[in-house]
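With the sequence shown counted from 1, adding 40 to any position gets you the numbering used here. Using N, Cα and C, we set each Cβ at its ideal position, and we do this for glycine too.
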Amino acid sequence: SDHQELIRFPDSVVVTTEAFDEFMARNRLGAVVQEGCTEELSLEQVGRLIEQGTFSEAWRDALRPMLERKTRPLAVRSSSVMEDDTNHSFAGIYPSEFLPNRGPIDLRLDQLLASMKRVYASTFAPNARAYRKRHDLDWREEKMAILIQDMVGSQYSHNLFYPLVGGVAFSHNYYPWSDRLRPEDGIVRLVVGTGTRAVGREYAQVFSPRLPGLSPEGNDVRTIIRYAQETVDVLDMELGRLSQRKLGELDNPLLARVCSIVGPDNTIREPLTSSAMLSSEERFLASFSRLIEGTSIMPFTPLVRDVLRTLEAVLGLAVDIEFAVDFSGPEASAQQTPLFNILQVRPLGSRPEHRRIRTRHIPSERLVLRSHRVLGNGVQRRVRHIILVEPDAYRWDRAYDIARTIGRINNELVDRREPYILMGPGRWASTNPQLGVPGPVQRDLRRHDDRRDVYGRLRARAFVRHAFLCRHGRKRRPVHPVPRRRRRRAPTRPPRTTRARLRGRIREALSRSYGGQRVRRWRAAARVDRASRTLGNPLSGYSNRSSM
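Okay, here's the thing in C-alpha coordinates:
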(Lines of atoms letter the chains of each structure in order from A and count residues from 1; the text may use other names and numbers.)
(Lines give C-alpha, C1' and ligand atoms only; values in the text may rest on other atoms or scores of the structure.)
Protein backbone atom coordinates (compact mmCIF):
# COMPACT_ATOMS: atom_id res chain seq x y z
CA SER A 1 0.00 0.00 0.00
CA ASP A 2 1.06 3.60 -0.61
CA HIS A 3 -0.20 4.64 2.83
CA GLN A 4 1.37 2.06 5.10
CA GLU A 5 2.28 4.63 7.75
CA LEU A 6 -1.44 5.25 8.38
CA ILE A 7 -2.54 1.59 8.57
CA ARG A 8 -2.70 -0.32 11.84
CA PHE A 9 -3.92 -3.73 13.03
CA PRO A 10 -5.20 -4.04 16.61
CA ASP A 11 -3.51 -6.53 18.90
CA SER A 12 -5.48 -9.78 18.68
CA VAL A 13 -5.68 -13.21 20.31
CA VAL A 14 -7.43 -16.22 18.76
CA VAL A 15 -9.25 -18.82 20.87
CA THR A 16 -9.44 -21.85 18.58
CA THR A 17 -12.32 -24.26 18.01
CA GLU A 18 -10.60 -26.63 20.45
CA ALA A 19 -12.03 -24.53 23.29
CA PHE A 20 -15.48 -24.75 21.69
CA ASP A 21 -15.30 -28.55 21.40
CA GLU A 22 -14.10 -28.93 24.98
CA PHE A 23 -16.77 -26.56 26.30
CA MET A 24 -19.56 -28.45 24.52
CA ALA A 25 -18.27 -31.83 25.72
CA ARG A 26 -17.63 -30.67 29.29
CA ASN A 27 -21.18 -29.37 29.67
CA ARG A 28 -22.77 -32.27 27.73
CA LEU A 29 -24.38 -29.91 25.24
CA GLY A 30 -24.14 -32.13 22.17
CA ALA A 31 -27.59 -33.66 22.64
CA VAL A 32 -29.06 -30.27 23.56
CA VAL A 33 -27.75 -28.70 20.36
CA GLN A 34 -29.03 -31.62 18.28
CA GLU A 35 -32.51 -31.24 19.75
CA GLY A 36 -32.42 -27.51 19.01
CA CYS A 37 -31.21 -27.90 15.45
CA THR A 38 -33.81 -30.60 14.79
CA GLU A 39 -36.47 -28.34 16.36
CA GLU A 40 -37.20 -30.70 19.25
CA LEU A 41 -36.04 -27.96 21.64
CA SER A 42 -36.42 -24.21 21.16
CA LEU A 43 -33.24 -22.37 20.23
CA GLU A 44 -33.86 -19.91 23.05
CA GLN A 45 -33.60 -22.81 25.51
CA VAL A 46 -30.43 -24.00 23.79
CA GLY A 47 -28.90 -20.54 24.16
CA ARG A 48 -29.74 -20.38 27.86
CA LEU A 49 -28.22 -23.81 28.50
CA ILE A 50 -25.01 -22.82 26.70
CA GLU A 51 -24.72 -19.61 28.71
CA GLN A 52 -25.14 -21.64 31.91
CA GLY A 53 -22.14 -23.82 31.00
CA THR A 54 -18.67 -23.50 32.55
CA PHE A 55 -15.12 -23.48 31.20
CA SER A 56 -12.42 -25.75 32.56
CA GLU A 57 -9.73 -24.37 34.85
CA ALA A 58 -7.18 -25.03 32.10
CA TRP A 59 -8.84 -22.51 29.79
CA ARG A 60 -9.30 -20.01 32.61
CA ASP A 61 -5.60 -20.26 33.40
CA ALA A 62 -4.72 -19.88 29.71
CA LEU A 63 -6.75 -16.67 29.32
CA ARG A 64 -5.72 -15.04 32.61
CA PRO A 65 -2.17 -13.97 31.54
CA MET A 66 -3.57 -12.42 28.38
CA LEU A 67 -5.99 -10.29 30.41
CA GLU A 68 -3.22 -9.25 32.80
CA ARG A 69 -1.33 -7.75 29.85
CA LYS A 70 -4.29 -5.99 28.27
CA THR A 71 -5.54 -2.72 29.70
CA ARG A 72 -7.68 -1.44 26.81
CA PRO A 73 -11.35 -2.31 26.27
CA LEU A 74 -11.84 -5.54 24.35
CA ALA A 75 -13.91 -6.66 21.38
CA VAL A 76 -14.90 -10.35 21.38
CA ARG A 77 -15.65 -11.35 17.78
CA SER A 78 -16.94 -14.55 16.22
CA SER A 79 -14.73 -16.53 13.85
CA SER A 80 -16.59 -19.69 12.93
CA VAL A 81 -15.52 -22.39 10.50
CA MET A 82 -18.27 -21.49 8.01
CA GLU A 83 -18.23 -17.75 8.61
CA ASP A 84 -15.54 -16.73 6.13
CA ASP A 85 -16.36 -19.19 3.36
CA THR A 86 -16.11 -17.77 -0.14
CA ASN A 87 -19.72 -18.72 -0.88
CA HIS A 88 -21.36 -18.21 2.51
CA SER A 89 -19.81 -15.40 4.53
CA PHE A 90 -22.30 -15.32 7.46
CA ALA A 91 -21.62 -11.56 7.59
CA GLY A 92 -23.86 -9.98 10.22
CA ILE A 93 -25.16 -13.36 11.46
CA TYR A 94 -22.96 -13.71 14.54
CA PRO A 95 -22.62 -10.85 17.06
CA SER A 96 -19.60 -9.11 18.55
CA GLU A 97 -19.28 -8.40 22.26
CA PHE A 98 -17.56 -5.35 23.78
CA LEU A 99 -16.02 -5.26 27.27
CA PRO A 100 -14.61 -2.32 29.28
CA ASN A 101 -11.93 -4.63 30.73
CA ARG A 102 -11.85 -2.79 34.07
CA GLY A 103 -11.72 -4.00 37.64
CA PRO A 104 -10.12 -6.99 39.39
CA ILE A 105 -8.65 -9.70 37.18
CA ASP A 106 -11.19 -12.31 38.32
CA LEU A 107 -14.09 -10.02 37.42
CA ARG A 108 -12.60 -9.25 34.02
CA LEU A 109 -12.03 -12.96 33.37
CA ASP A 110 -15.63 -13.82 34.28
CA GLN A 111 -16.90 -11.08 31.95
CA LEU A 112 -14.71 -12.36 29.11
CA LEU A 113 -15.89 -15.96 29.55
CA ALA A 114 -19.52 -14.82 29.68
CA SER A 115 -19.03 -12.95 26.39
CA MET A 116 -17.45 -16.03 24.82
CA LYS A 117 -20.45 -18.13 25.86
CA ARG A 118 -22.82 -15.63 24.27
CA VAL A 119 -20.86 -15.87 21.04
CA TYR A 120 -20.98 -19.68 21.30
CA ALA A 121 -24.76 -19.52 21.82
CA SER A 122 -25.15 -17.39 18.68
CA THR A 123 -23.91 -20.38 16.67
CA PHE A 124 -27.34 -21.93 17.18
CA ALA A 125 -29.44 -18.76 17.17
CA PRO A 126 -32.57 -18.67 14.96
CA ASN A 127 -31.00 -16.41 12.33
CA ALA A 128 -27.93 -18.66 12.07
CA ARG A 129 -30.07 -21.78 11.74
CA ALA A 130 -32.23 -20.10 9.08
CA TYR A 131 -29.12 -19.03 7.13
CA ARG A 132 -27.65 -22.55 7.18
CA LYS A 133 -31.00 -24.05 6.22
CA ARG A 134 -31.40 -21.63 3.32
CA HIS A 135 -27.99 -22.59 1.95
CA ASP A 136 -28.26 -26.33 2.73
CA LEU A 137 -25.38 -26.26 5.23
CA ASP A 138 -25.01 -28.99 7.85
CA TRP A 139 -25.07 -27.58 11.38
CA ARG A 140 -22.82 -30.43 12.55
CA GLU A 141 -19.92 -28.96 10.56
CA GLU A 142 -20.11 -25.56 12.26
CA LYS A 143 -17.68 -24.76 15.06
CA MET A 144 -16.90 -21.45 16.66
CA ALA A 145 -13.50 -19.87 17.24
CA ILE A 146 -13.20 -16.46 18.87
CA LEU A 147 -11.09 -13.40 18.10
CA ILE A 148 -10.26 -11.19 21.09
CA GLN A 149 -9.09 -7.74 19.96
CA ASP A 150 -8.05 -4.51 21.59
CA MET A 151 -10.94 -2.16 20.90
CA VAL A 152 -9.99 0.77 18.68
CA GLY A 153 -11.03 4.16 20.01
CA SER A 154 -10.57 6.73 22.74
CA GLN A 155 -12.36 7.56 25.96
CA TYR A 156 -14.37 10.78 25.89
CA SER A 157 -16.69 12.61 28.27
CA HIS A 158 -19.18 10.68 30.41
CA ASN A 159 -16.97 7.56 30.34
CA LEU A 160 -17.84 6.74 26.73
CA PHE A 161 -15.31 4.82 24.63
CA TYR A 162 -15.56 4.67 20.84
CA PRO A 163 -13.65 5.34 17.62
CA LEU A 164 -14.38 8.59 15.84
CA VAL A 165 -15.28 6.71 12.63
CA GLY A 166 -16.27 3.09 12.04
CA GLY A 167 -17.27 1.41 8.84
CA VAL A 168 -17.17 -1.38 6.30
CA ALA A 169 -15.88 -1.43 2.73
CA PHE A 170 -16.52 -3.87 -0.13
CA SER A 171 -14.29 -4.23 -3.16
CA HIS A 172 -17.35 -5.05 -5.29
CA ASN A 173 -20.74 -3.33 -5.30
CA TYR A 174 -23.40 -5.60 -6.74
CA TYR A 175 -26.09 -2.94 -6.33
CA PRO A 176 -24.77 0.31 -7.90
CA TRP A 177 -27.19 3.21 -7.58
CA SER A 178 -26.03 5.06 -10.70
CA ASP A 179 -25.15 4.20 -14.29
CA ARG A 180 -21.83 5.98 -13.70
CA LEU A 181 -20.80 3.31 -11.22
CA ARG A 182 -19.41 -0.14 -11.97
CA PRO A 183 -19.55 -3.17 -9.67
CA GLU A 184 -15.75 -3.25 -9.38
CA ASP A 185 -15.74 0.33 -8.02
CA GLY A 186 -16.70 -0.96 -4.58
CA ILE A 187 -18.73 0.66 -1.83
CA VAL A 188 -18.05 2.10 1.66
CA ARG A 189 -20.41 2.67 4.61
CA LEU A 190 -19.31 5.12 7.33
CA VAL A 191 -20.72 5.89 10.78
CA VAL A 192 -19.65 7.80 13.86
CA GLY A 193 -18.73 5.42 16.68
CA THR A 194 -18.36 1.66 16.50
CA GLY A 195 -18.99 -0.02 13.16
CA THR A 196 -21.99 -1.96 14.47
CA ARG A 197 -24.24 0.69 12.91
CA ALA A 198 -22.49 0.28 9.56
CA VAL A 199 -23.10 -3.47 9.24
CA GLY A 200 -26.73 -3.31 10.34
CA ARG A 201 -29.65 -1.82 8.44
CA GLU A 202 -29.15 1.60 9.96
CA TYR A 203 -28.51 5.00 8.43
CA ALA A 204 -24.90 5.38 7.30
CA GLN A 205 -22.96 7.53 4.86
CA VAL A 206 -22.58 5.50 1.65
CA PHE A 207 -20.19 6.35 -1.17
CA SER A 208 -18.11 4.81 -3.93
CA PRO A 209 -14.30 5.01 -3.57
CA ARG A 210 -13.97 5.88 -7.27
CA LEU A 211 -16.62 8.63 -7.29
CA PRO A 212 -16.90 9.77 -3.65
CA GLY A 213 -19.07 12.77 -4.50
CA LEU A 214 -21.80 10.59 -6.04
CA SER A 215 -24.03 9.59 -3.12
CA PRO A 216 -27.35 7.70 -3.24
CA GLU A 217 -29.11 10.68 -1.62
CA GLY A 218 -28.10 13.05 -4.42
CA ASN A 219 -27.95 16.79 -3.73
CA ASP A 220 -31.35 17.28 -2.12
CA VAL A 221 -30.69 18.80 1.32
CA ARG A 222 -33.85 17.42 2.93
CA THR A 223 -33.04 13.91 1.73
CA ILE A 224 -29.45 14.17 2.97
CA ILE A 225 -30.61 15.29 6.41
CA ARG A 226 -33.36 12.67 6.58
CA TYR A 227 -31.05 9.73 5.88
CA ALA A 228 -28.10 10.91 7.96
CA GLN A 229 -27.00 8.98 11.04
CA GLU A 230 -28.70 10.06 14.25
CA THR A 231 -27.80 7.32 16.76
CA VAL A 232 -24.25 6.34 17.71
CA ASP A 233 -23.12 3.06 19.29
CA VAL A 234 -20.59 3.61 22.09
CA LEU A 235 -19.11 1.51 24.88
CA ASP A 236 -20.36 2.79 28.23
CA MET A 237 -17.43 2.11 30.56
CA GLU A 238 -19.63 2.40 33.67
CA LEU A 239 -22.43 0.12 32.48
CA GLY A 240 -19.93 -2.24 30.85
CA ARG A 241 -21.87 -2.69 27.63
CA LEU A 242 -22.60 -1.16 24.25
CA SER A 243 -25.03 1.75 24.52
CA GLN A 244 -26.73 4.16 22.16
CA ARG A 245 -26.42 7.93 22.19
CA LYS A 246 -27.83 10.62 19.94
CA LEU A 247 -25.17 12.32 17.86
CA GLY A 248 -26.04 15.67 19.44
CA GLU A 249 -25.45 14.25 22.94
CA LEU A 250 -21.77 13.45 22.33
CA ASP A 251 -19.31 15.88 23.89
CA ASN A 252 -16.41 15.35 21.50
CA PRO A 253 -14.31 18.21 20.06
CA LEU A 254 -13.20 15.99 17.17
CA LEU A 255 -16.69 15.65 15.68
CA ALA A 256 -16.11 18.82 13.66
CA ARG A 257 -13.48 16.95 11.66
CA VAL A 258 -16.00 14.53 10.17
CA CYS A 259 -19.36 16.27 10.57
CA SER A 260 -21.07 19.13 8.82
CA ILE A 261 -23.24 21.72 10.57
CA VAL A 262 -26.99 22.07 9.97
CA GLY A 263 -28.40 25.53 10.60
CA PRO A 264 -31.90 26.48 11.78
CA ASP A 265 -33.07 26.89 8.18
CA ASN A 266 -31.79 23.40 7.25
CA THR A 267 -28.75 24.75 5.42
CA ILE A 268 -25.60 22.64 5.52
CA ARG A 269 -22.16 24.15 5.94
CA GLU A 270 -18.71 22.86 6.77
CA PRO A 271 -16.99 23.86 10.05
CA LEU A 272 -14.36 26.57 9.67
CA THR A 273 -12.04 24.89 12.17
CA SER A 274 -11.43 21.34 13.40
CA SER A 275 -12.89 22.20 16.80
CA ALA A 276 -15.84 24.37 15.78
CA MET A 277 -18.45 25.12 18.43
CA LEU A 278 -22.18 25.02 17.74
CA SER A 279 -24.79 27.62 18.52
CA SER A 280 -28.00 26.65 20.27
CA GLU A 281 -29.83 26.43 16.92
CA GLU A 282 -27.22 24.33 15.12
CA ARG A 283 -26.48 20.62 15.17
CA PHE A 284 -23.93 18.22 13.73
CA LEU A 285 -24.67 16.14 10.62
CA ALA A 286 -22.64 12.96 10.03
CA SER A 287 -21.73 13.76 6.42
CA PHE A 288 -17.98 12.89 6.49
CA SER A 289 -17.57 15.20 3.49
CA ARG A 290 -14.18 16.57 4.61
CA LEU A 291 -12.95 13.03 5.20
CA ILE A 292 -14.33 11.56 1.97
CA GLU A 293 -13.72 14.30 -0.57
CA GLY A 294 -10.70 16.07 0.90
CA THR A 295 -7.20 15.26 2.13
CA SER A 296 -6.79 17.84 4.89
CA ILE A 297 -7.56 15.29 7.60
CA MET A 298 -6.11 12.22 5.89
CA PRO A 299 -6.13 10.71 2.36
CA PHE A 300 -9.04 8.52 3.38
CA THR A 301 -10.66 7.71 0.02
CA PRO A 302 -7.37 6.92 -1.82
CA LEU A 303 -6.31 4.83 1.18
CA VAL A 304 -9.52 2.75 1.17
CA ARG A 305 -9.30 2.30 -2.59
CA ASP A 306 -5.66 1.20 -2.29
CA VAL A 307 -6.38 -1.23 0.57
CA LEU A 308 -9.29 -2.89 -1.26
CA ARG A 309 -7.31 -3.22 -4.48
CA THR A 310 -4.28 -4.69 -2.66
CA LEU A 311 -6.27 -7.20 -0.62
CA GLU A 312 -8.26 -8.31 -3.66
CA ALA A 313 -5.04 -8.88 -5.62
CA VAL A 314 -3.40 -10.83 -2.78
CA LEU A 315 -6.41 -13.04 -2.00
CA GLY A 316 -7.53 -13.42 -5.61
CA LEU A 317 -11.19 -12.69 -4.87
CA ALA A 318 -13.50 -9.88 -3.82
CA VAL A 319 -13.20 -8.86 -0.17
CA ASP A 320 -15.02 -6.90 2.47
CA ILE A 321 -13.28 -5.27 5.41
CA GLU A 322 -14.33 -3.76 8.71
CA PHE A 323 -12.28 -0.80 9.88
CA ALA A 324 -12.12 2.04 12.40
CA VAL A 325 -10.48 5.46 12.17
CA ASP A 326 -9.21 7.07 15.34
CA PHE A 327 -6.66 9.69 16.30
CA SER A 328 -3.41 9.09 18.16
CA GLY A 329 -1.56 11.70 20.19
CA PRO A 330 -2.51 14.09 23.01
CA GLU A 331 -6.27 14.45 23.43
CA ALA A 332 -7.85 17.48 21.71
CA SER A 333 -4.47 18.34 20.20
CA ALA A 334 -3.93 19.63 16.67
CA GLN A 335 -1.02 17.20 16.35
CA GLN A 336 -3.27 14.16 16.58
CA THR A 337 -2.65 11.74 13.70
CA PRO A 338 -5.58 9.83 12.15
CA LEU A 339 -4.96 6.10 11.83
CA PHE A 340 -6.82 3.55 9.69
CA ASN A 341 -7.28 0.33 11.72
CA ILE A 342 -8.23 -2.83 9.83
CA LEU A 343 -10.34 -4.98 12.14
CA GLN A 344 -11.49 -7.84 9.89
CA VAL A 345 -11.01 -9.06 6.33
CA ARG A 346 -13.24 -11.70 4.80
CA PRO A 347 -14.11 -12.98 1.31
CA LEU A 348 -17.06 -11.28 -0.32
CA GLY A 349 -19.35 -14.01 -1.60
CA SER A 350 -20.36 -13.73 -5.24
CA ARG A 351 -22.70 -15.70 -7.46
CA PRO A 352 -23.08 -16.09 -11.22
CA GLU A 353 -26.29 -14.06 -11.23
CA HIS A 354 -24.40 -11.03 -9.90
CA ARG A 355 -22.97 -10.41 -13.35
CA ARG A 356 -24.61 -7.87 -15.63
CA ILE A 357 -27.45 -9.39 -17.67
CA ARG A 358 -29.54 -8.23 -20.61
CA THR A 359 -33.29 -8.79 -20.94
CA ARG A 360 -34.03 -7.31 -24.36
CA HIS A 361 -34.36 -10.76 -25.92
CA ILE A 362 -37.15 -11.84 -23.53
CA PRO A 363 -40.60 -11.66 -25.23
CA SER A 364 -42.95 -9.15 -23.64
CA GLU A 365 -45.68 -11.79 -23.18
CA ARG A 366 -43.39 -13.64 -20.76
CA LEU A 367 -42.75 -10.60 -18.56
CA VAL A 368 -44.78 -10.12 -15.41
CA LEU A 369 -43.08 -6.90 -14.33
CA ARG A 370 -40.51 -4.58 -15.92
CA SER A 371 -38.54 -1.80 -14.22
CA HIS A 372 -35.72 0.44 -15.37
CA ARG A 373 -34.67 1.35 -11.82
CA VAL A 374 -33.35 -1.86 -10.26
CA LEU A 375 -30.50 -2.33 -7.79
CA GLY A 376 -28.63 -5.47 -8.79
CA ASN A 377 -30.13 -8.63 -10.21
CA GLY A 378 -30.77 -12.20 -9.22
CA VAL A 379 -31.99 -15.56 -10.43
CA GLN A 380 -34.77 -17.44 -8.66
CA ARG A 381 -35.88 -20.68 -10.27
CA ARG A 382 -39.09 -22.68 -9.82
CA VAL A 383 -40.93 -19.84 -8.10
CA ARG A 384 -44.29 -21.13 -6.86
CA HIS A 385 -45.60 -18.23 -4.75
CA ILE A 386 -45.70 -14.45 -4.65
CA ILE A 387 -46.46 -12.65 -1.38
CA LEU A 388 -47.51 -9.05 -2.02
CA VAL A 389 -47.97 -6.17 0.42
CA GLU A 390 -49.88 -3.34 -1.24
CA PRO A 391 -47.84 -0.10 -0.96
CA ASP A 392 -51.02 1.97 -0.54
CA ALA A 393 -52.17 -0.20 2.35
CA TYR A 394 -48.82 -0.33 4.18
CA ARG A 395 -48.83 1.52 7.51
CA TRP A 396 -45.46 1.82 9.19
CA ASP A 397 -47.05 2.20 12.65
CA ARG A 398 -48.44 -1.34 12.22
CA ALA A 399 -45.33 -2.67 10.52
CA TYR A 400 -44.43 -5.30 13.12
CA ASP A 401 -47.84 -6.95 12.83
CA ILE A 402 -47.20 -7.20 9.10
CA ALA A 403 -43.77 -8.67 9.76
CA ARG A 404 -45.13 -11.33 12.12
CA THR A 405 -47.77 -12.47 9.65
CA ILE A 406 -45.27 -12.65 6.81
CA GLY A 407 -42.86 -14.45 9.13
CA ARG A 408 -45.42 -17.19 9.72
CA ILE A 409 -46.00 -17.54 5.97
CA ASN A 410 -42.25 -17.60 5.43
CA ASN A 411 -41.72 -20.38 7.96
CA GLU A 412 -44.43 -22.47 6.32
CA LEU A 413 -42.95 -22.09 2.84
CA VAL A 414 -39.38 -22.64 4.01
CA ASP A 415 -40.39 -25.86 5.75
CA ARG A 416 -42.01 -27.02 2.50
CA ARG A 417 -38.96 -25.92 0.47
CA GLU A 418 -41.23 -24.00 -1.90
CA PRO A 419 -39.49 -20.95 -3.46
CA TYR A 420 -41.38 -17.68 -3.35
CA ILE A 421 -40.97 -13.95 -3.96
CA LEU A 422 -41.70 -11.13 -1.51
CA MET A 423 -43.02 -7.92 -3.07
CA GLY A 424 -43.69 -4.78 -1.08
CA PRO A 425 -42.77 -1.15 -0.46
CA GLY A 426 -39.27 -0.11 0.60
CA ARG A 427 -36.73 -2.42 2.19
CA TRP A 428 -37.40 -5.88 3.54
CA ALA A 429 -36.26 -6.74 7.10
CA SER A 430 -35.33 -3.13 7.87
CA THR A 431 -34.87 -2.13 11.51
CA ASN A 432 -36.71 1.11 10.71
CA PRO A 433 -40.40 0.49 9.90
CA GLN A 434 -40.56 3.75 7.95
CA LEU A 435 -38.12 2.29 5.41
CA GLY A 436 -40.15 -0.86 4.76
CA VAL A 437 -41.43 -4.05 6.32
CA PRO A 438 -39.17 -4.80 9.31
CA GLY A 439 -37.74 -8.14 10.30
CA PRO A 440 -39.98 -10.31 12.53
CA VAL A 441 -39.53 -9.79 16.25
CA GLN A 442 -39.93 -12.31 19.06
CA ARG A 443 -42.89 -11.18 21.17
CA ASP A 444 -45.47 -12.79 23.39
CA LEU A 445 -48.61 -13.04 21.26
CA ARG A 446 -50.89 -14.53 23.90
CA ARG A 447 -54.48 -13.31 23.95
CA HIS A 448 -55.13 -10.17 26.01
CA ASP A 449 -58.31 -9.27 27.88
CA ASP A 450 -58.12 -5.57 27.00
CA ARG A 451 -60.79 -4.95 24.36
CA ARG A 452 -58.98 -2.00 22.88
CA ASP A 453 -55.84 -4.10 22.53
CA VAL A 454 -57.73 -6.88 20.76
CA TYR A 455 -59.49 -4.51 18.40
CA GLY A 456 -56.28 -2.60 17.90
CA ARG A 457 -54.61 -5.79 16.75
CA LEU A 458 -57.52 -6.47 14.42
CA ARG A 459 -57.04 -3.05 12.89
CA ALA A 460 -53.34 -3.76 12.55
CA ARG A 461 -54.06 -6.91 10.62
CA ALA A 462 -56.35 -5.15 8.15
CA PHE A 463 -53.37 -5.00 5.80
CA VAL A 464 -53.56 -8.75 5.25
CA ARG A 465 -56.39 -8.49 2.79
CA HIS A 466 -53.83 -6.84 0.50
CA ALA A 467 -51.33 -9.70 0.87
CA PHE A 468 -52.05 -12.29 -1.79
CA LEU A 469 -50.51 -15.64 -2.38
CA CYS A 470 -50.25 -16.28 -6.11
CA ARG A 471 -49.78 -19.82 -7.24
CA HIS A 472 -49.37 -21.65 -10.54
CA GLY A 473 -51.39 -24.78 -11.02
CA ARG A 474 -54.31 -26.55 -9.39
CA LYS A 475 -56.10 -25.51 -6.23
CA ARG A 476 -55.29 -27.44 -3.05
CA ARG A 477 -57.05 -27.79 0.27
CA PRO A 478 -55.62 -25.91 3.25
CA VAL A 479 -53.09 -27.70 5.41
CA HIS A 480 -54.42 -26.16 8.62
CA PRO A 481 -58.20 -25.69 8.18
CA VAL A 482 -59.66 -23.41 10.83
CA PRO A 483 -63.39 -22.87 11.41
CA ARG A 484 -64.69 -19.38 10.73
CA ARG A 485 -65.35 -17.25 13.76
CA ARG A 486 -67.53 -14.18 13.79
CA ARG A 487 -65.53 -11.11 14.64
CA ARG A 488 -66.36 -7.52 15.15
CA ARG A 489 -65.51 -5.34 12.17
CA ALA A 490 -62.33 -3.34 12.66
CA PRO A 491 -63.03 0.40 13.04
CA THR A 492 -60.39 1.38 10.47
CA ARG A 493 -61.70 -0.92 7.79
CA PRO A 494 -61.87 0.81 4.38
CA PRO A 495 -65.28 1.43 2.74
CA ARG A 496 -66.87 -1.53 0.98
CA THR A 497 -66.56 0.19 -2.40
CA THR A 498 -62.81 0.56 -1.89
CA ARG A 499 -62.45 -3.13 -1.04
CA ALA A 500 -64.49 -4.20 -4.04
CA ARG A 501 -62.53 -1.93 -6.36
CA LEU A 502 -59.25 -3.25 -4.99
CA ARG A 503 -60.33 -6.87 -5.38
CA GLY A 504 -61.38 -6.20 -8.94
CA ARG A 505 -58.14 -4.49 -9.84
CA ILE A 506 -55.94 -7.26 -8.47
CA ARG A 507 -58.21 -9.98 -9.89
CA GLU A 508 -57.83 -8.41 -13.31
CA ALA A 509 -54.05 -8.10 -12.96
CA LEU A 510 -53.54 -11.65 -11.75
CA SER A 511 -56.00 -13.41 -14.03
CA ARG A 512 -53.97 -12.86 -17.17
CA SER A 513 -52.20 -15.70 -18.91
CA TYR A 514 -48.41 -15.66 -18.54
CA GLY A 515 -46.43 -18.13 -20.64
CA GLY A 516 -49.46 -20.37 -21.16
CA GLN A 517 -50.08 -20.80 -17.40
CA ARG A 518 -52.89 -19.15 -15.52
CA VAL A 519 -51.98 -17.42 -12.28
CA ARG A 520 -54.59 -17.86 -9.58
CA ARG A 521 -55.21 -15.60 -6.66
CA TRP A 522 -55.17 -16.77 -3.06
CA ARG A 523 -55.94 -14.81 0.05
CA ALA A 524 -53.26 -14.97 2.76
CA ALA A 525 -55.67 -14.33 5.64
CA ALA A 526 -59.37 -14.91 5.06
CA ARG A 527 -60.39 -13.84 8.54
CA VAL A 528 -59.77 -10.15 7.95
CA ASP A 529 -62.33 -9.81 5.18
CA ARG A 530 -65.74 -11.03 6.40
CA ALA A 531 -66.82 -11.93 2.87
CA SER A 532 -63.77 -14.09 2.20
CA ARG A 533 -63.72 -17.86 2.34
CA THR A 534 -61.07 -20.50 2.77
CA LEU A 535 -60.47 -21.04 -0.94
CA GLY A 536 -57.92 -23.79 -0.73
CA ASN A 537 -55.05 -21.49 0.20
CA PRO A 538 -52.40 -23.73 1.79
CA LEU A 539 -51.57 -20.95 4.24
CA SER A 540 -54.99 -19.53 5.07
CA GLY A 541 -55.41 -21.73 8.09
CA TYR A 542 -51.91 -20.97 9.25
CA SER A 543 -52.62 -17.26 9.16
CA ASN A 544 -56.03 -17.67 10.78
CA ARG A 545 -54.73 -19.54 13.75
CA SER A 546 -52.25 -16.86 14.74
CA SER A 547 -53.09 -15.69 18.24
CA MET A 548 -53.34 -12.09 19.27
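Taking a contact to require three or more Cβ pairs closer than 8 angstroms, the stretch 180–189 and the stretch 109–129 qualify as touching. When the alpha-carbon of Q189 is set against those of T335, T307, D178 and L383, the nearest one is in L383. With respect to the 7 angstroms criterion, G253 and E333 are classified as neighbours on the basis of their beta carbons.
Annotated as distal: P140 and P105, with beta-carbon spacing of 7 angstroms or more. Only residues of its own chain outside the window of five on either side were considered, and among them A439, Y440, A443, A469, S470 and T471 have a CB closer than 7 angstroms to the CB of P478, listed in chain order. T236 and Q44 have their C-alpha atoms spaced approximately 25 angstroms apart. Excluding its 5 nearest sequence neighbours in each direction, S118 has C-beta neighbours in its own chain below 6 angstroms: Y134 and V159, listed in chain order.
Secondary structure of F138 (DSSP, three-state): strand. DSSP assignment within the stretch 170–248 yields the following whole beta strand (DSSP E) runs of 3 residues or more, N-terminal first: 184–190, 194–196, 200–202, 205–210, 227–232 and 245–247. With contacts defined by Cβ atoms closer than 7 angstroms, V208 and A238 form a contacting pair.
Within the same chain, Cβ atoms closer than 8 angstroms to the Cβ of V454 are found at A170, K173 and R174, the five residues on either side in sequence being excluded.
In this structure V298 touches V205 by the C-beta definition: roughly 6 angstroms separates them, less than 8 angstroms. Segment contact: the stretch 95–110 against the stretch 143–150, three or more CB-CB distances shorter than 8 angstroms; contact assigned. Classified as buried, H212 has 16 or more neighbouring CB atoms from the shown chains inside 10 Å of its CB.
Secondary structure note for N381: its beta strand (DSSP E) is the uninterrupted segment T377 to P387. If you ignore the 5 residues before and after F63, its C-beta comes within less than 7 angstroms of the C-beta of G93, F95 and Y160, all in its own chain and listed in chain order. One thing to note: G466 has its Cβ within 7 angstroms of the Cβ of L475. Taking the Cα of F138 as reference, the smallest distance to any Cα among T307, L351 and T234 is reached at T234.
Remark: C-beta atoms of L89 and V116 do not approach each other more closely than 7 angstroms. Contact check for M338 against P403 fails: the beta carbons are separated by 7 angstroms or more. Membership of Q284 in the beta strand (DSSP E) is indicated by the continuous run R281 to K286.
Straight-line spacing of the CA atoms in N451 and G418 works out to 22 angstroms. Between the beta-carbon of L287 and that of A326 there is about 6 angstroms, and that keeps the pair under the 8 angstroms contact cut. Cβ-Cβ separation between P304 and E321: approximately 4 angstroms, consistent with a contact (criterion under 8 angstroms).
Secondary structure note for L409: it is in no alpha helix (DSSP H), with a DSSP letter that is neither H nor E. V423 sits close to P459, with the two beta carbons spaced by under 7 angstroms.
Burial is judged here by how many other beta carbons sit within 10 angstroms of a residue's own beta carbon; Q420 has fewer than 16 and is exposed. Taking C-beta separations shorter than 7 angstroms and ignoring five residues to either side along the sequence, the partners of R220 in its chain run L251 and L254, following chain order. Under the criterion of beta carbons closer than 8 angstroms, W217 and P249 do not qualify as touching, at roughly 14 angstroms. Pairing D276 with S283 gives a Cβ-Cβ distance under 7 angstroms. Under DSSP, E362 takes part in a beta bridge, and its partners are V208 and Q384. By the beta-carbon neighbour count (other beta carbons within 10 angstroms, threshold 16), S300 is buried. In this structure, the alpha-carbon of L348 lies about 43 angstroms from that of R68. Put simply, the backbone Cα of S329 is about 43 angstroms away from that of I449.
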